[in-house]
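Residue numbers (the working numbering): 1 to 205.
Input: a single structure, listed below in structure tokens.
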Amino acid sequence: MTARSLFAVCALFVLRPAGAGETPADRLEISAEPPLVPVVPLAATTPGRRFIELPTLEYRFEVQTACGSDSAPRSLSINIADSRLALSGAALESRAAGELVLTVPARQLAPVAVDDFCVAGSTADGETAGRPAADGTGALPPAAADPEPRRLLTVPAVVSAQASLVCAGESGSTIRYVTQPLAVTFACMAPAPAPVESAQSTGER
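Below, the structure written as structure tokens:
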């Protein structure tokens with residue numbers, strides 16, 4: 001390689017413009033606690049894999065944004081499936097963290113497969129049971145203060161949120177993209193206790 005060719009290659013690296021969203025000062029972070037979905041126990045005779053239909057889910061997002069010193073937020077959007085939340089820069093600055101709520105209708109959500117979860121009589125009250133069919137965090141213990149212990153199972157990456165932040169200033173605009181997997185927590189509801197029959201109802205005198 002000649003000296004002239006080497007100089008040309010170095011010039012390309014120096015003059016190559018940064019891609020959208022590559023400004024180090026731009027920052028976008030999103031997170032959301034998994035919504036709680038109640039699950040009715042199955043009969044003990046039907047263990048194994050089951051598919052749980054998801055209801056409408058509501059995710060409350062904690063959002064952290066920052067733009068470069070010579071720019072300001074122009075817009076923020078968050079998408080889950082076919083549901084979208086969009087804010088202008090002014091609306092974004094006027095909202096406190098944690099106030100961004102996105103509701104996803106049940107029709108946009110696929111069933112979730114779990115193995116041996118919420119099977120009546122398979123474990124004692126208060127014990128955890130079940131595991132997600134895919135790799136995940138596994139079962140979580142119920143709160144000790146809960147008068148009706150529920151077995152909980154958190155399944156990660158049930159849905160995915162795509163977010164984008166547009167920063168604009170005198171030097172132009174940049175876009176920061178983020179993809180965040182979101183979880184769902186299933187709560188196995190304890191079956192109602194069987195009614196106690198009185199002596200009169202059983203025919204005893």
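Every residue gets a Cβ at the ideal spot worked out from N, C-alpha and C, and that includes glycine.
- Straight across, the Cα-Cα distance linking G89 with V119 is about 48 Å.
- CA-to-CA, the gap between L100 and A187 works out to about 25 Å.
- With contacts defined by Cβ atoms closer than 8 Å, L109 and F61 do not form a contacting pair.
- S94 is positioned such that its CB atom lies no closer than 8 Å to that of A86.
- Check the Cα spacing between P35 and each of S83, L152, S75, E170: the tightest is with L152.
- For S83, the closest alpha carbon among the candidates D70, P41, S160 is that of S160.
- The residues T56, in chain order, have a CB closer than 6 Å to that of P105 in the same chain once the five nearest residues on each side in sequence are set aside.
- In the three-state reduction of the DSSP assignment, G89 falls in the helix class, which pools H, G and I.
- DSSP places A66 in the uninterrupted beta strand (DSSP E) bounded by 57–66.
- In summary, A25 is exposed, with fewer than 16 beta-carbon neighbours lying within 10 Å of its beta-carbon over all protein chains present.
- Annotation: the continuous beta strand (DSSP E) that includes R27 extends over 27–32.
- Within its own chain, the residues whose Cβ lies closer than 7 Å to the Cβ of I52, once the five positions on either side in sequence are excluded, are V39, P111, V112, V114, F186, listed in chain order.
- Classified as buried, Y59 has 16 or more neighbouring CB atoms from the shown chains inside 10 Å of its CB.
- Bridge partners of P73 according to DSSP: C167.
- For Q180, same chain residues with a beta-carbon under 6 Å away, outside a window of 5 residues either side, are I30, A161 in chain order.
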